[in-house]
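The block underneath contains the structure these notes are about, expressed in structure tokens.
There are 2 protein chains.
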Amino acid sequence: MTANEQKLKTPDMDRLLGMLEGHRSIRRYTDAPVPPEQLERIIACAQMASSSSHMQAYSIIGITDPELRDKLAELAGGQRHVALAPVFLVWCADLSRFSDAVSSRGGELEPSTEYFIVATVDAALAAQNAAVAAEAMGLGIVYIGGIRNDMRAVTELLQLPPLVYPVFGMCIGVPAESPDQRPRLPLEEMYYENRYSPEKREERLEAYDEQYRSYIRDRSGGGRDSAWTQEMQGRNAYPPRKLTGLLREQGFRFDD
Amino acid sequence: MTANEQKLKTPDMDRLLGMLEGHRSIRRYTDAPVPPEQLERIIACAQMASSSSHMQAYSIIGITDPELRDKLAELAGGQRHVALAPVFLVWCADLSRFSDAVSSRGGELEPSTEYFIVATVDAALAAQNAAVAAEAMGLGIVYIGGIRNDMRAVTELLQLPPLVYPVFGMCIGVPAESPDQRPRLPLEEMYYENRYSPEKREERLEAYDEQYRSYIRDRSGGGRDSAWTQEMQGRNAYPPRKLTGLLREQGFRFDD
Numbered sequence: 001m002t003a004n005e006q007k008l009k010t011p012d013m014d015r016l017l018g019m020l021e022g023h024r025s026i027r028r029y030t031d032a033p034v035p036p037e038q039l040e041r042i043i044a045c046a047q048m049a050s051s052s053s054h055m056q057a058y059s060i061i062g063i064t065d066p067e068l069r070d071k072l073a074e075l076a077g078g079q080r081h082v083a084l085a086p087v088f089l090v091w092c093a094d095l096s097r098f099s100d101a102v103s104s105r106g107g108e109l110e111p112s113t114e115y116f117i118v119a120t121v122d123a124a125l126a127a128q129n130a131a132v133a134a135e136a137m138g139l140g141i142v143y144i145g146g147i148r149n150d151m152r153a154v155t156e157l158l159q160l161p162p163l164v165y166p167v168f169g170m171c172i173g174v175p176a177e178s179p180d181q182r183p184r185l186p187l188e189e190m191y192y193e194n195r196y197s198p199e200k201r202e203e204r205l206e207a208y209d210e211q212y213r214s215y216i217r218d219r220s221g222g223g224r225d226s227a228w229t230q231e232m233q234g235r236n237a238y239p240p241r242k243l244t245g246l247l248r249e250q251g252f253r254f255d256d
Numbered sequence: 001m002t003a004n005e006q007k008l009k010t011p012d013m014d015r016l017l018g019m020l021e022g023h024r025s026i027r028r029y030t031d032a033p034v035p036p037e038q039l040e041r042i043i044a045c046a047q048m049a050s051s052s053s054h055m056q057a058y059s060i061i062g063i064t065d066p067e068l069r070d071k072l073a074e075l076a077g078g079q080r081h082v083a084l085a086p087v088f089l090v091w092c093a094d095l096s097r098f099s100d101a102v103s104s105r106g107g108e109l110e111p112s113t114e115y116f117i118v119a120t121v122d123a124a125l126a127a128q129n130a131a132v133a134a135e136a137m138g139l140g141i142v143y144i145g146g147i148r149n150d151m152r153a154v155t156e157l158l159q160l161p162p163l164v165y166p167v168f169g170m171c172i173g174v175p176a177e178s179p180d181q182r183p184r185l186p187l188e189e190m191y192y193e194n195r196y197s198p199e200k201r202e203e204r205l206e207a208y209d210e211q212y213r214s215y216i217r218d219r220s221g222g223g224r225d226s227a228w229t230q231e232m233q234g235r236n237a238y239p240p241r242k243l244t245g246l247l248r249e250q251g252f253r254f255d256d
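Protein chains in written order, with my numbering: chain A, 1 to 256; chain B, 1 to 256.
Printed below as a string of structure tokens:
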């Protein structure tokens, strides 16, 4: 029986959809290791995600060196789980392999914004397949955007060549926590028909703010009060990550 | 029982991983419709994907208008399945909602390259969850990068406001074909430990070219001969997609 013929039957389907719907980011793990063959299967699932023109424009760096982990944890803003997670992966957008392939056939790659998007999307699709595979195995994951705090330092530490940049990290391990799930924006605010339709955004965000505030209140035992729009304003007040300079140094261009 | 407690048992896990490992892009569909409640559950799964700082910086536009479908199919390079698929979604990177939230709290958004990456990644993670959910339901999907052929026309057709751009499309329907699975690059070429290690790339790509060539030969009944590096050079010889101008018009900046 090929994989293609392995139709999921309804109860399995419901469990799988329930798993996707039940996703939570996990930042605390037990000491249980993730065996190499399990990680290999996670990566194999990542590799089977769609890829623009079969370009496969990404690379994954598994960080096993504890010193390197400590440095990355610090660069990511002191996130201890980056140091402590059984597995930590850095997902890179990677046009260098594509460029090498083109060069080997006498061509030359223009590292356009289009290709920057292709590589970024390829990395993300593969990573999300890895996340789903890991969760199907009973593992928990969290994405680490913090590796973009100091992208230059991460690029140097991992010896990334031109046309490669680190998009995000990912911790994987056996969950040692079971956090609540943050409510998402209402469907009507995310999904439009035939044209972009933000007309009712203001009311929708107000309603969502209320829902979000009550979630935060419950979660903090009443000690915290925060609406989604407030958190977004707070997020925007962080010191901005300045990436264009490093990306240009890495050979990406935003000028076509 | 909460979704979090619905641990997948081993046989289900193997079926799910087999499903991820068995992914093929599907471009031909039966006439069977995708009922609205099924599409809603697919979108609900998409919404539960991780999102940077809970920003949820993407929007989805479902195209139900047949005329709009025809136009998009043509803009995507004459891809008939864009017109014919039971469902066609356009996944947009979207900072306009984030910007509105920040403004409503008296802040102002700088649409930096960092935020451009966040929105692009958010759209991709959500879309890949949608793809997995659809496949779990027995549906098939294909990503449509072709909507970036003429991003300006698509942006106008869908009335996308500033700080929104269409990243890719996605067709969904009941499969009416069962294509072979294209071999992926070898694991050693995609996954490195602790540092980027392309030293053996040349040999690896040669071996992969051989494997790819024999896959193409088998698939075409011996009529075609094409290696992966050749296809990459061919891909690079397409008329380049020039996106930066439109992206700047939409308010994205690549100058911080």
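Note that CB positions come from ideal geometry on N, CA and C, so glycine has one too.
Among the options, the one whose alpha carbon lies nearest that of residue i
{"i": "residue 177 of chain A", "options": "A/141, A/123 and A/154", "result": "A/141"}
{"i": "residue 53 of chain A", "options": "B/65, B/25 and B/48", "result": "B/25"}
{"i": "residue 39 of chain B", "options": "B/116, B/234, B/160 and B/171", "result": "B/171"}
{"i": "residue 181 of chain A", "options": "A/162, A/218 and A/188", "result": "A/218"}
{"i": "residue 32 of chain A", "options": "A/229, A/143, A/139 and A/23", "result": "A/139"}
{"i": "residue 116 of chain B", "options": "B/106, B/98 and B/131", "result": "B/98"}
{"i": "residue 183 of chain B", "options": "B/195, B/192, B/15 and B/205", "result": "B/205"}
{"i": "residue 211 of chain A", "options": "A/200, A/225 and A/199", "result": "A/225"}
{"i": "residue 147 of chain A", "options": "A/16, A/22, A/42 and A/83", "result": "A/83"}
{"i": "residue 246 of chain A", "options": "A/231, A/150, A/129 and A/200", "result": "A/150"}
{"i": "residue 162 of chain A", "options": "A/18, A/249, A/36 and A/13", "result": "A/249"}
{"i": "residue 144 of chain B", "options": "B/187, B/233 and B/73", "result": "B/73"}
{"i": "residue 62 of chain B", "options": "A/89, A/191, A/156 and A/200", "result": "A/191"}
{"i": "residue 95 of chain B", "options": "B/87, B/119 and B/89", "result": "B/119"}
Residues of its chain near residue i, where Cβ-Cβ distance is below 6 Å and the 5 sequence neighbours each way are ignored
{"i": "residue 123 of chain B", "result": "58, 91, 93 and 167"}
{"i": "residue 254 of chain A", "result": "113"}
{"i": "residue 85 of chain B", "result": "29, 171 and 173"}
Collapsed DSSP secondary structure at residue i in the structure displayed
{"i": "residue 143 of chain B", "result": "strand"}
{"i": "residue 34 of chain A", "result": "coil"}
{"i": "residue 63 of chain A", "result": "coil"}
{"i": "residue 26 of chain A", "result": "coil"}
{"i": "residue 93 of chain B", "result": "strand"}
{"i": "residue 58 of chain A", "result": "strand"}
{"i": "residue 254 of chain A", "result": "coil"}
{"i": "residue 6 of chain A", "result": "A caution first: residue 6 of chain A carries a pLDDT of 46, below 50, which makes its placement in the model too unreliable to give a value."}
Residue i, enclosing beta strand (DSSP E) - first and last residue
{"i": "residue 193 of chain A", "result": "191-193"}
{"i": "residue 165 of chain A", "result": "164-173"}
Under 9 Å by beta carbon: chain A residues contacting residue i
{"i": "residue 171 of chain B", "result": "The premise fails here: residue 171 of chain B is roughly 12 Å from chain A at the closest Cβ pair, so nothing lies under 9 Å."}
{"i": "residue 112 of chain B", "result": "240, 241, 242, 243 and 244"}
{"i": "residue 68 of chain B", "result": "194 and 195"}
Endpoints, alpha helix (DSSP H) assigned at residue i
{"i": "residue 98 of chain A", "result": "96-104"}
{"i": "residue 134 of chain B", "result": "113-136"}
{"i": "residue 184 of chain A", "result": "Segment: none, residue 184 of chain A is in no alpha helix (DSSP H) and carries neither H nor E."}
{"i": "residue 245 of chain B", "result": "244-249"}
{"i": "residue 205 of chain B", "result": "201-219"}
{"i": "residue 234 of chain B", "result": "228-236"}
{"i": "residue 80 of chain B", "result": "80-84"}
{"i": "residue 48 of chain B", "result": "Segment: none, residue 48 of chain B is in no alpha helix (DSSP H) and carries neither H nor E."}
{"i": "residue 156 of chain A", "result": "151-157"}
Under 7 Å by beta carbon: chain B residues contacting residue i
{"i": "residue 133 of chain A", "result": "17 and 20"}
{"i": "residue 143 of chain A", "result": "50"}
{"i": "residue 119 of chain A", "result": "Within chain B, no residue comes near residue 119 of chain A; the closest Cβ sits about 10 Å away, beyond 7 Å."}
{"i": "residue 136 of chain A", "result": "8, 13, 16 and 17"}
{"i": "residue 77 of chain A", "result": "Neighbours of residue 77 of chain A on chain B: none; closest Cβ ~12 Å, over 7 Å."}
Neighbourhood of residue i by C-beta distance below 7 Å, restricted to the same chain and skipping five residues each side
{"i": "residue 56 of chain A", "result": "122"}
{"i": "residue 227 of chain A", "result": "209, 212 and 213"}
{"i": "residue 240 of chain A", "result": "none"}
{"i": "residue 153 of chain A", "result": "75"}
Chain A contact residues for residue i, given Cβ-Cβ distances below 7 Å
{"i": "residue 229 of chain B", "result": "101, 104 and 105"}
The ligand NAP heavy atom lying under 7 Å from the CB of residue i
{"i": "residue 94 of chain B", "result": "Ligands are entirely absent from the displayed structure, and the ligand NAP is therefore not among its contents."}
Chain B contact residues for residue i, given Cβ-Cβ distances below 9 Å
{"i": "residue 216 of chain A", "result": "Correct list: empty, because the minimum Cβ distance to chain B is about 11 Å."}
{"i": "residue 167 of chain A", "result": "117 and 121"}
{"i": "residue 28 of chain A", "result": "Per Cβ cutoff of 9 Å: no residues; residue 28 of chain A is ~14 Å from chain B at best."}
Beta-carbon neighbours of residue i, restricted to chain A and to distances below 8 Å
{"i": "residue 220 of chain B", "result": "Correct list: empty, because the minimum Cβ distance to chain A is about 16 Å."}
Neighbouring residues, chain B, relative to residue i (Cβ below 8 Å)
{"i": "residue 54 of chain A", "result": "182, 228 and 231"}
Beta-carbon proximity list for residue i, same chain, < 8 Å, skipping 5 on both sides
{"i": "residue 186 of chain B", "result": "204, 207 and 208"}
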